[in-house]
Structures are given as structure tokens and as C-alpha cells.
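Per numbering that gives the first Met the number 0: the sequence shown = residues 0 to 129. Some notes on the structure that comes next.
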Amino acid sequence: MRSATPYLTLPGTCEEALGTYAGVFGGDITRLVRLSEAPIELPPGAPEHLVFDGEMRAGELVVKASDDPSMPSGSPTVSIFLPCDDLSQVASLCDGLSVDGTVLFPPDGNFAMVEDRFGVRWMLAVVDDI
Numbered sequence: 000m001r002s003a004t005p006y007l008t009l010p011g012t013c014e015e016a017l018g019t020y021a022g023v024f025g026g027d028i029t030r031l032v033r034l035s036e037a038p039i040e041l042p043p044g045a046p047e048h049l050v051f052d053g054e055m056r057a058g059e060l061v062v063k064a065s066d067d068p069s070m071p072s073g074s075p076t077v078s079i080f081l082p083c084d085d086l087s088q089v090a091s092l093c094d095g096l097s098v099d100g101t102v103l104f105p106p107d108g109n110f111a112m113v114e115d116r117f118g119v120r121w122m123l124a125v126v127d128d129i
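Here you go:
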């Protein structure tokens, strides 16, 4: 099993937050993919400058984050991002974590998201480069 990583969802302040954390922890923003560069179809009028997928690294510390412009200001969420080896592992973990919980994004492609019965959100993704 790989190491889990905190994943922040912010209401439009992702780039600023990652920059702040990089300064505080002496790290760097190592990934910043904007909505305009995302491999998804955006709804009309979507704020393309916001962050689809960002990452800050400081030594062993990794924080992943993205913007969700639909969330109320001042109400960020924290999920646990867990890199998986393949889609079968994503599906298996999704099945186990969703018992008495909720599948938010069923396993598709290389990603799934589950809220377990304790209210903890898990982002499960096939990742090669972590």
C-alpha cells in the first residue's frame, strides 16, 4: 500500500493556498493544472483559470489540492488521496470503503471517490509517478 496524501478542495483559493504552504514549509508547487487544461468537458462559463489539480511538496510532505467554484467561500474540505496500482485495486477499495457509505464517483478510468460511513472522503486513483 502506498502513502495517503491530504487532498484539499478550496472555493477558488487553491493556488494561493499552495503558495502559502510552499512558503511556510519551504517547498515548491510541483503541479498546477488549470481547468482550461483539464481532461474534462467544462460547462459553459466555467472559470478556466482555477486549479483542476495542484500539488505542493516540501521534503516528504505532499499536499494535493483543487478548486471547486461551487462551494461556499470559507468551507474547504479535506479528503484522503490514495494512489493505487491499478483499477482493480481502486474498485476493491471503493467496494470496501462504501459499505454503509456513499460512492460519490464510481470507479471509471483511473479514479473513484467514496464517502465512508464515518463521513471521511477517499479519492482513489491509479497513479504511476508517486
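Backbone N, C-alpha and C fix where the C-beta goes; we use that ideal spot for every residue, glycine too. Remember, predicted model here, so these are calculated numbers, not experimental data.
For ASP66, the uninterrupted beta strand (DSSP E) run begins and ends at 60-66, by DSSP. When DSSP states are grouped into helix, strand and coil, GLU36 belongs to the helix group. In the DSSP annotation of this structure, the continuous segment of the beta strand (DSSP E) that includes VAL113 starts and ends at 110-114. Taking the C-beta atoms as reference points, PRO75 is found nearer than 9 Å to THR8. Comparing alpha carbon positions, the residue from PHE51, GLY44, ALA21 and ALA3 closest to PRO38 is PHE51. Spatial neighbours of GLU14 in its own chain (CB-CB distance under 6 Å, excluding positions within 5 residues in sequence) are listed in chain order as VAL50.
Straight across, the Cα-Cα distance linking TRP121 with GLU114 is about 6 Å. In the three-state reduction of the DSSP assignment, LEU7 falls in the strand class. Taking a contact to require three or more Cβ pairs closer than 8 Å, the stretch 54-66 and the stretch 95-102 do not qualify as touching.
With respect to ALA111, VAL89 sits close: the two C-beta atoms are nearer than 9 Å.
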